[in-house]
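To start, the structure itself, in structure tokens.
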Amino acid sequence: MNNRQLIKLLEEINKELHENKEYLNQLDAAIGDGDHGTNVVRGFEAIQEEINKGNFDDLTPKQTLKDVAMILMSKIGGSSGPLFGTLALQMSNGLDDTERTYLDQWIKAIQSGIDGVQVLGKAQLGDKTMVDVLIPSLETLEKNINDPHKAIKEAEVTAKKAMEDTKDLEAKKGRAAYLGKRSIGHIDPGSVTIYLLWKSINQVEISCH
Numbered sequence: 003m004n005n006r007q008l009i010k011l012l013e014e015i016n017k018e019l020h021e022n023k024e025y026l027n028q029l030d031a032a033i034g035d036g037d038h039g040t041n042v043v044r045g046f047e048a049i050q051e052e053i054n055k056g057n058f059d060d061l062t063p064k065q066t067l068k069d070v071a072m073i074l075m076s077k078i079g080g081s082s083g084p085l086f087g088t089l090a091l092q093m094s095n096g097l098d099d100t101e102r103t104y105l106d107q108w109i110k111a112i113q114s115g116i117d118g119v120q121v122l123g124k125a126q127l128g129d130k131t132m133v134d135v136l137i138p139s140l141e142t143l144e145k146n147i148n149d150p151h152k153a154i155k156e157a158e159v160t161a162k163k164a165m166e167d168t169k170d171l172e173a174k175k176g177r178a179a180y181l182g183k184r185s186i187g188h189i190d191p192g193s194v195t196i197y198l199l200w201k202s203i204n205q206v207e208i209s210c211h
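Structure representation (structure tokens):
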């Protein structure tokens, strides 16, 4: 993936989140503050503004991700800003500073991002958070490392199932945790956002060859 493709991906994510903003808010209203969609859209609208100004044009993917992280941290409210910002920042830290990046580098970067999110949010697999989608989708990438096209396609499938499976989990972190067993039966909105990222990756048909 080169920086031009990464910018295209960021634009697709912005579009996807806009289309799902109210759905994300509805999910969050059941177990949180009801503003998850509004918050993540605010972050990616700010990213789109930077894209429109050409501020990412001369950067490497690593540098773009770092700038994206800073925007997410400053623009997204609540706990989501630090979590999504940390995910992007630690992914940036895990990438080589080259014009083009490959699947093995992205696997390392995503693992770095997950580690950062888990340290910050102290969430484990099964706690009904974005981690429940991040970890299995990364494992799918690793299993298909020799076939990047298949890896990305299968990662989206894995992410969709993992996102849907959060419905059966009891929340252990965040505001939803206060509901205890009453959080069961509701999909975690942060997990849906991570799924939408994978959906966006497939829609822009990014090649990691």
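Per our numbering, residue 3 is the first one in the sequence shown, and the count goes up by one each step. Ideal Cβ placement from N, Cα and C applies to all residues, glycine included.
Please confirm whether residue 53 and residue 21 have their CB atoms less than 8 angstroms apart.
no
Bridge partners of residue 102, per DSSP?
4
Are residue 27 and residue 78 touching if we call contact CB-CB under 8 angstroms?
no
Alpha-carbon to alpha-carbon, residue 204 and residue 210
Model confidence at residue 210 stands at a pLDDT of 44, short of 50, so the residue's coordinates are unreliable and nothing is read from them.
Taking the alpha carbon of residue 70 as the point to measure from, which residue in 93, 143, 80 has its own alpha carbon closest?
93
According to DSSP, simplified to helix, strand and coil, what is residue 80?
coil
Candidates 182, 114, 163, 104, of which the one nearest residue 7 by Cα:
104
Using 8 angstroms as the cut-off, can you tell me whether the segment 59-70 makes contact with the segment 82-100, which would need three or more C-beta pairs spanning the two stretches below that distance?
yes
Could you give the residue range of the alpha helix (DSSP H) that holds residue 28?
23-33
Could you compute how far the alpha carbon of residue 123 sits from the alpha carbon of residue 131?
9 angstroms
The alpha helix (DSSP H) that contains residue 185, what's its start and end?
Residue 185 -> no alpha helix (DSSP H), and no H or E assigned at all.
Out of 138, 174, 167, which one is the CA nearest neighbour of residue 200?
138
Does the segment 174-190 touch the segment 29-38, meaning 3 or more C-beta pairs lie closer than 8 angstroms?
yes
Excluding the 5 residues preceding and the 5 following residue 24 in the sequence, name in chain order all residues of the same chain whose CB lies nearer than 8 angstroms to its CB.
39
The alpha helix (DSSP H) enclosing residue 131, as first and last residue numbers
That residue, residue 131, is in no alpha helix (DSSP H); it is neither H nor E in DSSP.
Whole angstroms are fine: how far does the CA of residue 184 sit from the CA of residue 5?
43 angstroms
Does the Cβ of residue 3 have 16 or more other Cβ atoms within 10 Å, making it buried, or fewer, making it exposed?
buried
Which of the three DSSP states, helix, strand or coil, is assigned to residue 168?
helix
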